[in-house]
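All letters in the sequence shown, in the order written, are residues 1 to 690 by UniProt numbering. In this text, a Cβ means the ideal position worked out from N, Cα and C, and glycines have one as well. For reference, the structure is listed below as structure tokens.
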Amino acid sequence: APDIPVIDQAYSKLSNSITVEWGAVPGATNYMLTAQDEDSFVETIVKSSPGTVTGLKPATLYRITVRSINSGGKSQPSPFRKVKTVLAAPILSVRSLSCDSIAVSWKAVHMAAGFSVSLMRSDGLGRMLKQNTTNTSLIFTNLDPGALYTIKAYAWNANGMPGDDFTYNQRTSPNAPVDVKVAFDSGAQRAVVSWMPAEGALAYSVTVSSGLLQLRCNTSSASCMVPSLQCGSEYYVSVTAYNDAGSSEPTDAVSLKTIPCAPVNISIEEDEPGHLLVSWSSVSLGHYYVVFVKSDDGLEVHCNTSYTHCHFQSDCGFTYFISVFAYNKAGQSPLGDVFNYTTAPCCPSDFRAVFVSSDTVRVTWAPVRGADLYETRAAGGSGLVLCRDTATACTLSALQCSTPYNITVYSFSEARGSNTSCAPQYVATAPWSPEIKNISKEGLSVISVQWQPNNEEATYVVTARGEAGLWHCTSTRNSCTLMDLPCGSAFSVSAIARSPAGQSFPSYSIPLETAPCCPNDLILTQVTQSVTNISWSVGRGAQTYVTTLESAKGQAKCHTLQTYCLLGCITCGTNYTVSLRAISETGLTSSCTYQGYSSSACCPSGVKLYRLSNNGIRVFWRASDDTINYKADLHGSKGNFSCTPSLGLSHCDITKIPCGDVYTVVVAPVTDKGPKLTLFSSFCPKKIYS
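Take a look at the structure:
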């Protein structure tokens with residue numbers, strides 16, 4: 001076995017160990033260190049000096065020995081040394097009382113006479129603070145908020161020997177954040193709270209409170225977003241900083257007023273046509289209000305007011321979309337209900353009433369905005385006439401004649417009903433149709449027409465209508481006279497009434513026929529001594545004719561359908577009056593008088609021929625009238641010869657007649673027709689002379 005080692009020194013630096021130093025022993029490969037107190041011992045194998053025995057009890061006196069070891073065994077223990085372990089380190093309990101103080105406490109340490117506690121910022125800034133005490137607690141004040149401090153403490157014994165030290169890192173709680181700002185997002189109904197970071201703060205808590213309601217937001221940054229804020233509320237915002245040491249005091253509360261809530265109880269009235277009144281209930285935190293009114297044609301107007309009502313101009317037939325917003329410094333309230341209000345449709349314009357007949361009027365108008373239906377009312381007379389249609393025209397029939405009506409066109413809409421402010425238009429119907437009571441003839445071409453007057457302030461027009469044309473007469477009374485009606489014509493006579501309101505229906509027509517016309521031309525031609533032919537032109541309207549030749553000696557008459565007639569029993573040398581009656585189909589008669597007619601003079605009687613010589617002849621006759629001249633004519637193949645005696649003589653001679661011929665001899669009266677002599681030889685008897 002190796003030699004016994006000799007301990008040079010033994011000491012304790014830690015409360016659980018003793019370090020031993022000795023001289024090396026030749027041949028020793030290991031050494032055994034033994035520490036023994038009254039109750040136990042602890043052995044430790046080491047390779048060389050120095051060696052440390054661990055697992056010892058603090059502040060305990062130990063006997064220390066060393067034995068050398070090799071393959072041959074162990075040496076005897078060395079002479080012992082008595083060594084006492086140092087005091088145990090105090091176990092610290094550290095906390096930050098505030099942002100500038102740290103409290104340190106510990107339990108009593110066995111055999112300790114006092115304690116030494118030092119404190120210094122872990123980052124080396126500032127000075128170190130150290131305190132010696134016999135107590136088991138102390139407080140460091142006036143520290144930096146939020147700073148990390150390193151705290152070291154140890155106990156010493158009665159000899160002033162320090163024991164183990166205990167090191168603890170402790171951070172002071174942070175200071176309250178400063179420069180707290182609140183930014184409110186009115187659109188999202190949230191607030192962003194920001195502040196200057198507090199030193200040493202690891203986290204922050206934002207408290208937003210309003211009455212019993214509290215909202216929190218935790219963050220490690222220097223800002224935080226608080227969502228879902230309620231409109232119309234006032235919140236108080238505070239920020240608290242946190243770290244592992246605790247929390248700061250909350251900051252002074254910052255007031256946050258959110259946007260006002262959307263106004264409610266909105267009512268819309270049209271207090272008078274063309275004026276809209278919008279009213280609402282006041283809202284909390286609302287400083288002023290803006291009402292937006294947008295019409296369905298895209299035009300928008302607004303009203304800015306601090307009251308709870310606004311007036312707007314409105315037009316008929318429009319739909320208005322109305323929204324009300326409240327405002328304060330935080331911004332605009334959320335969009336509430338959007339109301340629509342449709343004004344009454346416009347009154348029809350370009351109103352026209354045109355009479356289709358005396359009792360029917362057609363009413364037209366221009367279409368108006370907002371109207372779904374139109375109602376036309378005609379008030380007057382004994383009742384009310386109605387017409388409803390979606391079209392912009394209406395026909396009112398069965399109106400009373402000669403009656404004033406107030407015609408009003410109302411427009412209707414499903415949303416608002418009727419526009420009752422439409423003005424009526426005065427219209428008077430045409431007069432009643434007159435009734436012809438009597439037609440009388442006052443002359444050849446003059447007709448008097450009488451009717452029953454049944455209108456006030458009406459002018460009556462009587463019309464005779466026929467193929468010959470139109471004839472009129474006008475009167476404001478109950479009769480008028482048609483003048484200069486043509487003969488031989490058929491007419492339809494009717495009457496109408498006229499007034500400023502219009503014209504009545506024509507009355508029932510009364511047929512009227514004028515007497516037939518007298519023929520313009522009448523020609524008398526004597527056919528024989530006692531027969532005369534009369535011919536005439538057609539008399540318009542005449543069907544038959546009666547011609548009469550009348551003298552003191554008698555009358556000749558003829559009734560015929562033709563335009564000519566032969567009259568016999570005519571007395572020669574007689575003056576006749578000529579008359580003609582034209583008779584219509586219905587028996588109307590026109591008496592026509594013409595120029596007188598004289599029949600031819602009477603032929604002489606008792607004509608006798610006497611030969612005067614071989615080439616002469618004397619003609620004798622008996623005159624019918626001494627005032628008439630006669631002429632004797634001889635007609636033969638060798639020549640014609642004649643002689644005329646002086647007035648009053650009844651014979652004359654014809655000489656130088658060629659012999660050997662047969663002659664026809666006629667003695668006929670000669671009448672003086674102005675410059676011309678008319679010979680009636682054709683009517684007188686002929687004599688043959690050979």
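- Look at phenylalanine 318 here: in three-state DSSP terms it is coil, with no helix or strand label.
- Bounds of the beta strand (DSSP E) holding aspartate 653 are 651-655.
- Phenylalanine 41 carries a strand assignment under DSSP once its states are collapsed to helix, strand and coil.
- In terms of Cβ geometry, glutamate 21 and glutamine 9 form a close pair [threshold 7 angstroms].
- Counted as a single uninterrupted DSSP element, the beta strand (DSSP E) harbouring methionine 32 occupies residues 30-36.
- Contact between arginine 190 and serine 96 does not hold, since the beta-carbon distance rounds to 34 angstroms and is not under 8 angstroms.
- Fully enclosed beta strand (DSSP E) runs of no fewer than 3 residues occupy 469-475, 479-482, 490-499, 510-513, 522-526, 532-536 of the segment 463-542, in order along the chain.
- Around the beta-carbon of alanine 183, fewer than 16 other beta-carbon atoms lie within 10 Å, marking it exposed.
- Secondary structure note for glycine 286: it is in no beta strand (DSSP E), with a DSSP letter that is neither H nor E.
- A distance below 8 angstroms between beta-carbons, with the five flanking residues on each side excluded, links valine 531 to the following residues of its chain, in chain order: Leu566, Leu567, Gly568, Ile570.
- Boundaries of the beta strand (DSSP E) around glycine 636: 629-636.
- Residue state for phenylalanine 683 is assigned as helix, using DSSP reduced to three classes.
- When Cβ pairs closer than 8 angstroms are counted between the two stretches, the segment 67-75 is seen not to touch the segment 108-123, the count staying below three.
- Taking C-alpha positions only, serine 137 is separated from asparagine 159 by approximately 22 angstroms.
- For histidine 275, the closest of Ser314, Arg416, Thr343, Gln543 by C-alpha to C-alpha distance is Ser314.
- DSSP, read as helix, strand or coil, puts glutamine 452 in strand.
- Annotation for threonine 342: Thr319, Ala415, Arg416 place their beta carbon closer than 6 angstroms to its own, counting only its chain and skipping 5 residues before and after.
- Our two residues, glycine 211 and valine 180, have alpha carbons roughly 21 angstroms apart in a direct line.
- If you draw a straight line from the Cα of proline 26 to the Cα of arginine 67, it comes to about 13 angstroms.
- Counting the other CB atoms within 10 Å of its CB gives valine 385 a total of 16 or more, which places it among the buried residues.
- Of the residues Asp296, Asp297, Phe292, the one whose Cα lies closest to the Cα of cysteine 303 is Phe292.
- For tryptophan 621, the secondary structure class from DSSP, reduced to helix, strand or coil, is strand.
- A direct Cα-to-Cα measurement between cysteine 422 and serine 382 gives close to 23 angstroms.
- For aspartate 350, the uninterrupted beta strand (DSSP E) run begins and ends at 349-357, by DSSP.
- By the neighbour-count definition (other C-beta atoms within 10 Å, threshold 16), leucine 399 is a buried residue.
- Going by C-alpha positions, serine 333 is about 5 angstroms away from alanine 326.
- The bridge partners DSSP lists for leucine 61 are Lys84.
- A contact between stretches requires three or more CB pairs, one per stretch, nearer than 8 angstroms, and the segment 483-495 meets this requirement with the segment 506-523.
- If you check the CB distance, serine 93 and serine 101 do not come in under 7 angstroms.
- Rounded to the nearest angstrom, the Cβ distance from proline 431 to serine 402 is 5 angstroms, consistent with a contact under 8 angstroms.
- For serine 690, no beta strand (DSSP E) segment is defined, and its DSSP state is neither H nor E.
- For serine 17 against cysteine 99, the beta-carbon gap comes to about 40 angstroms, at or over 8 angstroms, which does not count as contact.
- For aspartate 296, the CB contacts under 8 angstroms within the same chain, skipping 5 residues up- and downstream, are Phe318, Thr319, Tyr320, Phe321 in chain order.
- Within a 10 Å sphere around the beta-carbon of glutamine 214 sit fewer than 16 other beta-carbons, which makes this residue exposed.
- The count of Cβ pairs closer than 8 angstroms, one atom from the segment 193-211 and one from the segment 220-230, reaches three, so the stretches are in contact.
- For histidine 559, the enclosing beta strand (DSSP E) covers residues 554-560.
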